[in-house]
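Undergrad: Below you'll find the structure I mean.
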Ligand SMILES: Nc1nc2c(ncn2[C@@H]2O[C@H](COP(=O)(O)OP(=O)(O)OP(=O)(O)O)[C@@H](O)[C@H]2O)c(=O)[nH]1
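Put into structure tokens, the structure is as follows:
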């Protein structure tokens, strides 16, 4: 601590990343800890695309959460880029929270990811058993044992993000493993992402709601323009929804444009509180063929 320090003695700050198979609840956990909607959650796997930072301000420390996409074996170029993001992120964090869901057995997918963690010796490892609200206590105990048998952990913490069980305990455990440091970010900050990126993600989340199969990987949102009107208390947002195929375009738009309208209404309801203004939202659905495999297209869509 420096002479001018405003942080209390022993204050800690640093970077934490949650890893685990798709759908184990990493984004939901980030949101629950940060207390503001920052990462995409969806009932469909592999929807988190970007390293998003959520910042948890606690009296004892500051946790900067880097939310990584699910680690998986690359199949497309997009998959490879996601994994590159994961690699770069994990090489740099102080703590890795390895998440396994209480409502599924620890399996080969979990073991694969656990093995990858050896590449990051710098980070201290904590095991987190998520979704404990979804199972009976003996099942939680079984999972804790299985995780404990996998290796050495600084701590093993069972939690539920949706029922808010043990979140404070987890926060405390994570902070204790961070270096003693001044806060890294100002108090009022909860995320480092740009407003534009957050808006695009809210739209993407609404567009994915209730649709199935490979649509999650085949949907990208770009923002063309954000216009603040002088004559009214209104912000105009022009966004594009990119899909790969005609059939997917149909899914997004829905019968008579019904689904697209709902996507617009739902996104707007979330964007308005975010920017504190009334919003006019224009959504256009476009096809970018095979964009997942095309490096040029990926660059254009911001990956
Ligand atoms: N019952 C229960 N469900 C949860 C909990 N946390 C998350 N879920 C659900 O699990 C699903 C996946 O959650 P996400 O947070 O999107 O999972 P993720 O690990 O970030 O997924 P990817 O982005 O695909 O890597 C969602 O349907 C959540 O509502 C929990 O504590 N309890």
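Numbering (full-length UniProt numbering), first residue to last: 1 to 303. For glycine and all other residues, C-beta sits at the position ideal for the given N, C-alpha and C.
#1: Per DSSP, residue 6 is paired with what?
#2: Are there 16 or more other CB atoms within 10 angstroms of the CB of residue 130, so buried, or fewer, so exposed?
#3: For the putative contact between residue 271 and residue 246, defined by C-beta atoms under 8 Å, what is the C-beta separation to the nearest angstrom?
#4: Between residue 164 and the rest of its own chain, which residues show a CB-CB distance below 8 Å, the 5 nearest in sequence each way excluded?
#5: Taking the straight line between their C-alpha atoms, what separation do you get for residue 264 and residue 54?
#6: Quick one: what does DSSP say residue 131 is sitting in, helix, strand or coil?
#7: Over the uninterrupted alpha helix (DSSP H) stretch that includes residue 27, give me the two end residues.
#8: In or out: residue 107 buried (at least 16 other Cβ within 10 Å) or exposed?
#9: Output the boundary residues of the alpha helix (DSSP H) element that contains residue 247.
#10: Would you mind giving the Cβ-Cβ distance between residue 97 and residue 195, rounded to the nearest angstrom? I have them listed as a contact below 8 Å.
#11: Using the beta-carbon count (16 or more within 10 Å), is residue 15 buried or exposed?
#12: Between 234, 90, 6, which lies nearest to residue 17 when the distance is taken from Cα to Cα?
#13: DSSP on residue 13, reduced to helix/strand/coil?
#14: Alpha carbon to alpha carbon, how far is residue 274 from residue 227? Give it in angstroms, no decimals.
#15: Quick check on residue 115: buried or exposed, where buried means 16 or more other Cβ atoms within 10 Å of its Cβ?
#16: Would you identify the three-state DSSP class for residue 187, choosing helix, strand or coil?
#17: With DSSP as the reference, label residue 112 as helix, strand or coil.
TA: This is what the structure gives:
#1: The residue you call residue 6 lines up with position 6 of the chain shown. Residue 6 pairs with nothing; no bridge assigned.
#2: Mapped onto the chain shown, residue 130 falls at position 130. Buried, because 16 or more other Cβ atoms sit within 10 Å of the Cβ of residue 130.
#3: Here the question's residue 271 lines up with position 271 in the chain shown. Here the question's residue 246 lines up with position 246 in the chain shown. Residue 271 to residue 246, Cβ: 28 Å. No contact.
#4: Residue mapping note: residue 164 aligns to position 164 of the chain shown, counting from 1. 32.
#5: Here residue 264 corresponds to residue number 264 of the chain shown, with the count starting at 1. Here residue 54 corresponds to residue number 54 of the chain shown, with the count starting at 1. Whole-angstrom Cα-Cα distance: 25 Å.
#6: The residue labelled residue 131 in the question sits at position 131 within the chain shown. Residue 131 falls in the coil class under three-state DSSP.
#7: Taking the chain shown and counting its residues from 1, one reaches residue 27 at position 27. Its alpha helix (DSSP H) spans residues 26-34.
#8: As a first step, residue 107 must be located in the chain shown, where it is residue number 107. So residue 107 ends up on the exposed side.
#9: Mapped onto the chain shown, residue 247 falls at position 247. Per DSSP, residue 247 belongs to the alpha helix (DSSP H) from 246-253.
#10: The count along the chain shown starts at 1 and reaches residue 97 at position 97. The count along the chain shown starts at 1 and reaches residue 195 at position 195. No, residue 97 and residue 195 are not in contact; Cβ-Cβ is about 27 Å, not under 8 Å.
#11: Residue numbering aside, residue 15 sits at position 15 when the chain shown is read from its first letter. Buried, by the Cβ-count rule.
#12: Your numbering for residue 17 matches position 17 in the chain shown. Of 234, 90, 6, the residue nearest in Cα terms is 90.
#13: Against the chain shown, residue 13 aligns to sequence position 13. Correct three-state label for residue 13: strand.
#14: For the purposes of this step, residue 227 is identified with residue 227 of the chain shown, where counting begins at 1. For the purposes of this step, residue 274 is identified with residue 274 of the chain shown, where counting begins at 1. So the two alpha carbons sit approximately 16 Å from each other.
#15: As a working note, residue 115 is residue 115 in the chain shown. Residue 115 counts as exposed, since fewer than 16 other C-beta atoms from the protein chains shown sit within 10 angstroms of its C-beta.
#16: Taking the first residue of the chain shown as position 1, residue 187 is located at position 187. Residue 187: coil per DSSP, three-state reduction.
#17: The residue given as residue 112 occupies position 112 in the chain shown. Helix.
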